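Below you'll find the structure, written out as structure tokens, and then a few comments.
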Amino acid sequence: MQNETVLGLSKLDKAIIIIGGPLLGAIIGWFIQIILSWLTKIPFVPFGPFFEWIATWNSSWVSIIGVIVGLIAGILFVLYAFSESLKMTITDQAVTMKRYDKEVQLQKRDISAIYMDRKDIVVLGQKGEEMYRSYTDVKQPKIEAAFLELRFPWKSEDPYQSDYQRWVPEHPDFSASVNSLLAAREEALKEEDKKEAAFLRKDLAAEGAVIRDEDKRQYVRMI
Numbered sequence: 004m005q006n007e008t009v010l011g012l013s014k015l016d017k018a019i020i021i022i023g024g025p026l027l028g029a030i031i032g033w034f035i036q037i038i039l040s041w042l043t044k045i046p047f048v049p050f051g052p053f054f055e056w057i058a059t060w061n062s063s064w065v066s067i068i069g070v071i072v073g074l075i076a077g078i079l080f081v082l083y084a085f086s087e088s089l090k091m092t093i094t095d096q097a098v099t100m101k102r103y104d105k106e107v108q109l110q111k112r113d114i115s116a117i118y119m120d121r122k123d124i125v126v127l128g129q130k131g132e133e134m135y136r137s138y139t140d141v142k143q144p145k146i147e148a149a150f151l152e153l154r155f156p157w158k159s160e161d162p163y164q165s166d167y168q169r170w171v172p173e174h175p176d177f178s179a180s181v182n183s184l185l186a187a188r189e190e191a192l193k194e195e196d197k198k199e200a201a202f203l204r205k206d207l208a209a210e211g212a213v214i215r216d217e218d219k220r221q222y223v224r225m226i
């Protein structure tokens, strides 16, 4: 019989999200007129005239509509929170990562190391390439225990930590294409465009470059 461990949102986390999201939305909706009246008193608040107009509506209808809208917003938040959370299914032979309905299965035989980079879980291949990286809410001790129990190559830190070089524009050790991608990614990091930075990380991986970020500074190692 194959062993299996699933890591992700705990039952308590799920209960808090399922109950708390719609409930908070409904409460905000019920008191929306009071909240809007308070917002209109703040100087230069955006959409001030629109808020004042809503505040003049019949209070009972505004509250009822606000509760309905709040409940819908809360349910949408629950769906987003569940899809955004990383689910890891670990067996004797493989680990399956699922996030945003995208599922990736990684075979144990292809993995050389698994470690945590702050709140990201990172999986490296046999050549040191980055096979997978994703943010997770699960605490490191729980992740470590699960992978060690099923005999995956868990590491306390990046085994290639000493191989990284801090990137500077036109770095002489990197190709023109890598330097160009790193320049674009640095700009994305400055603008806090996480989505673009993630796409560029994948483009750099295709060029054989593995990236480690520290305070919006990029450190690079080539495979």
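Numbered by the numbering used here, the letters in the sequence shown go through residues 4 to 226 in order.
No residue lacks a Cβ here, since even glycine has one placed at the ideal position from N, Cα and C.
Keep in mind the model is a prediction, meaning the values are calculated, not measured.
Beta-carbon spacing of residue i, residue j below 8 Å
i, j, result
"leucine 153", "aspartate 95", "yes"
"glycine 131", "isoleucine 226", "yes"
"tyrosine 135", "methionine 91", "no"
"aspartate 216", "leucine 184", "no"
"arginine 188", "tyrosine 222", "no"
"valine 70", "glycine 32", "yes"
"alanine 84", "isoleucine 20", "yes"
"glutamate 147", "alanine 208", "no"
"valine 65", "glutamine 36", "yes"
"isoleucine 93", "alanine 18", "no"
"alanine 191", "lysine 158", "no"
Secondary structure of residue i, DSSP reduced to three states
i, result
"lysine 142", "coil"
"isoleucine 226", "coil"
"lysine 14", "helix"
"valine 81", "helix"
"arginine 188", "helix"
"leucine 109", "strand"
"lysine 219", "coil"
"glycine 128", "strand"
"arginine 154", "coil"
"lysine 197", "helix"
"aspartate 123", "strand"
"valine 65", "helix"
"glutamate 147", "helix"
"glutamine 36", "helix"
"glutamine 168", "strand"
Residue i burial status per 10 Å Cβ neighbour count (16 or more: buried)
i, result
"tyrosine 138", "exposed"
"glutamate 106", "exposed"
"alanine 200", "buried"
"arginine 204", "buried"
"alanine 179", "exposed"
"valine 125", "buried"
"valine 98", "buried"
"isoleucine 67", "exposed"
When the options are compared against residue i, the one with the closest alpha-carbon
i, options, result
"lysine 145", "Asn6, Leu12, Gln5", "Leu12"
"glycine 28", "Tyr103, Gly73, Val65, Val181", "Gly73"
"glycine 211", "Asn182, Ala116, Phe85", "Asn182"
"glutamine 110", "Phe155, Leu79, Ile75", "Phe155"
"glutamate 194", "Arg220, Lys17, Ala84", "Arg220"
"aspartate 166", "Gly23, Arg224, Met119", "Arg224"
"aspartate 127", "Pro25, Ser88, Pro172, Glu160", "Strictly speaking, residue 127 in this sequence is leucine, with aspartate absent from that position. Comparing Cα positions, the closest option is Glu160."
"tyrosine 103", "Ser115, Phe34, Ser88, Ala116", "Ser88"
"alanine 186", "Val171, Ser63, Lys197, Asp196", "Val171"
Cutoff 6 Å; reference residue i; Cβ partners in own chain excluding five residues on either side
i, result
"valine 141", "Leu10"
"glycine 24", "Gly77, Phe80, Val81"
"glutamine 143", "Met119"
Close beta carbons around residue i, own chain, < 8 Å, minus the five adjacent residues each side
i, result
"glutamate 123", "Position check: residue 123 holds aspartate in this sequence, whereas glutamate was assumed. These residues qualify, in order along the chain: Arg136, Ser137, Tyr138, Thr139."
"glutamate 173", "Asn182"
"isoleucine 38", "Ile31"
Min CB distance residue i to chain B below 8 Å
i, result
"methionine 91", "No chain B appears in the structure shown, which is made up of a single protein chain."
Same chain, Cβ closer than 7 Å to residue i, neighbours up to 5 away in sequence not counted
i, result
"asparagine 6", "Thr94, Asp95, Leu153"
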